[in-house]
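So for the sequence shown, my numbering puts the first residue at 174; every next one is plus one. Heads up, the beta-carbon is just placed ideally off N, CA and C, and yes, glycines get one too. Because the structure is a prediction, the values reported are computed rather than measured.
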Amino acid sequence: MAGEPGTASPARPGPVEAVTPAASLPALGPGPASAPPPPGHTPVIDEPPEPRRIRRPADLLRAVASCVFMLLFLGLGMVAGGTTRGAESDISKLSADQKLPLGLVLGVTSVLLAVVPIVLAIDRLYRRDTRRVVDSVLSAAMAYLTAVGLNAMVASSHTPKSISEALTLPHNAAGNTAAFHIYLTTVVAYLTIIGFGNRHNFQTATWIALIAYGVVTLIQGDATLISLAETVLLGRLVAFGWRWARGVINDRPTGEAVYSALLSAGLGPLSCRRVPDVEEVRRYRVATRERGDL
């Protein structure tokens with residue numbers, strides 16, 4: 174999910190600075206000096222072309238980390254299956270003794286996890302961030318298909334028994350439980366891409382609902398500890414992998430945007446040329462009518 178935990182935030186515009194100190198620039202604002210360039214003068218904007226989408230190494234690292242943890246948890250379930258089964262049995266027994274309202278908790282968390290994605294989508298659409306919503310939906314669809322495919326593989330007779338026992342439980346006469354919880358996988362993938370922005374309380378409440386939903390699922394015998402961990406990690410793996418493969422929107426300001434901002438500030442720019450970055454800070458050299466090069 175997008176932002177940690179579970180969420181990842183979009184690429185923020187890189188800072189832009191002039192070559193000279195900022196103190197030499199006047200305060201922004203329209204004024205008499207904000208006249209357009211002299212007649213017949215064509216603005217010179219020189220910068221290398223950049224892709225509309227960029228791939229962030231952090232997304233690839235998170236996807237690889239999710240894959241590694243999935244393998245580690247699977248190995249743990251195969252080696253220490255008896256220990257995890259004992260923990261699951263103790264949790265179920267404790268809930269039975271306490272007579273917890275599992276049905277109520279499951280209903281509330283299910284409604285919350287269904288409403289949250291819709292609210293986040295409406296918020297993004299209101300802020301004209303349609304691409305983020307589309308990427309989130311596509312990520313959830315890919316997570317759904319991946320979970321369905323992996324469940325079919327685990328249920329196959331060709332799957333080693335140790336893997337099947339680590340990820341599934343005997344459920345009823347129809348067969349075992351699903352190795353990956355499809356609903357949770359799609360929700361985690363969706364939330365990872367769409368993100369929560371600065372709504373930290375909202376993010377915390379959503380993760381509490383996710384954990385509560387998983388605990389109730391575990392108590393009811395519909396999943397194992399290992400399968401729940403694998404479900405969350407699978408959602409994150411698909412989300413980060415998809416975002417890295419597709420890339421994020423390159424919303425850094427262009428030379429044209431810098432030129433327009435300086436023109437509206439009354440600096441009378443004549444040209445705007447990209448110079449080498451310093452510590453990931455994007456820099457431009459701007460020639461003006463009255464102040465020379467900035």
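| Item | Value |
| --- | --- |
| Three-state secondary structure assigned by DSSP to GLY420 | coil |
| Beta-carbon spacing of THR350, ALA396 below 8 Å | yes |
| Segment contact, 8 Å Cβ cut-off, at least three pairs: the segment 314-331 with the segment 375-395 | no |
| Cα-Cα separation, ALA231 to VAL411 | 14 Å |
| Stretch-stretch touch, CB-based, cutoff 8 Å, three pairs: the segment 276-284 with the segment 303-321 | no |
| Alpha carbon of LEU298 to alpha carbon of VAL288, nearest angstrom | 16 Å |
| Alpha helix (DSSP H) segments (min. 4 residues) lying fully within the segment 357-400 | 373-392 |
| Contacting residues, own chain, Cβ-Cβ under 8 Å from VAL307 (five flanking each side not counted) | none |
| Check whether VAL361 and ARG409 have beta carbons under 8 Å apart | yes |
| Residue burial classification, LEU357 (beta-carbon count within 10 angstroms, cutoff 16) | buried |
| Nonlocal neighbours in the same chain, by C-beta distance under 8 Å from VAL321, ignoring five residues either side | ILE355 |
| Counted within 10 angstroms of its Cβ, other Cβ atoms place ASN324 as buried (16 or more) or exposed | buried |
| Burial state of GLY414, where buried means 16 or more other Cβ atoms lie within 10 Å | buried |
| Own chain residues within Cβ distance below 7 Å of PHE242, not counting five before or after | LEU406 |
| As assigned by DSSP and simplified to three states, the class of PRO343 | strand |
| Below-8 Å beta-carbon distance, LEU249 vs any chain B residue | Although the question refers to chain B, the structure presented lacks it and comprises just one protein chain. |
| Three-way DSSP call (helix, strand, coil) for SER197 in this model | Bear in mind that the predicted position of SER197 carries a pLDDT of just 39, short of 50, making it too unreliable to give a figure here. |
| Contact under 8 Å by Cβ, GLY420 with ILE291 | no |
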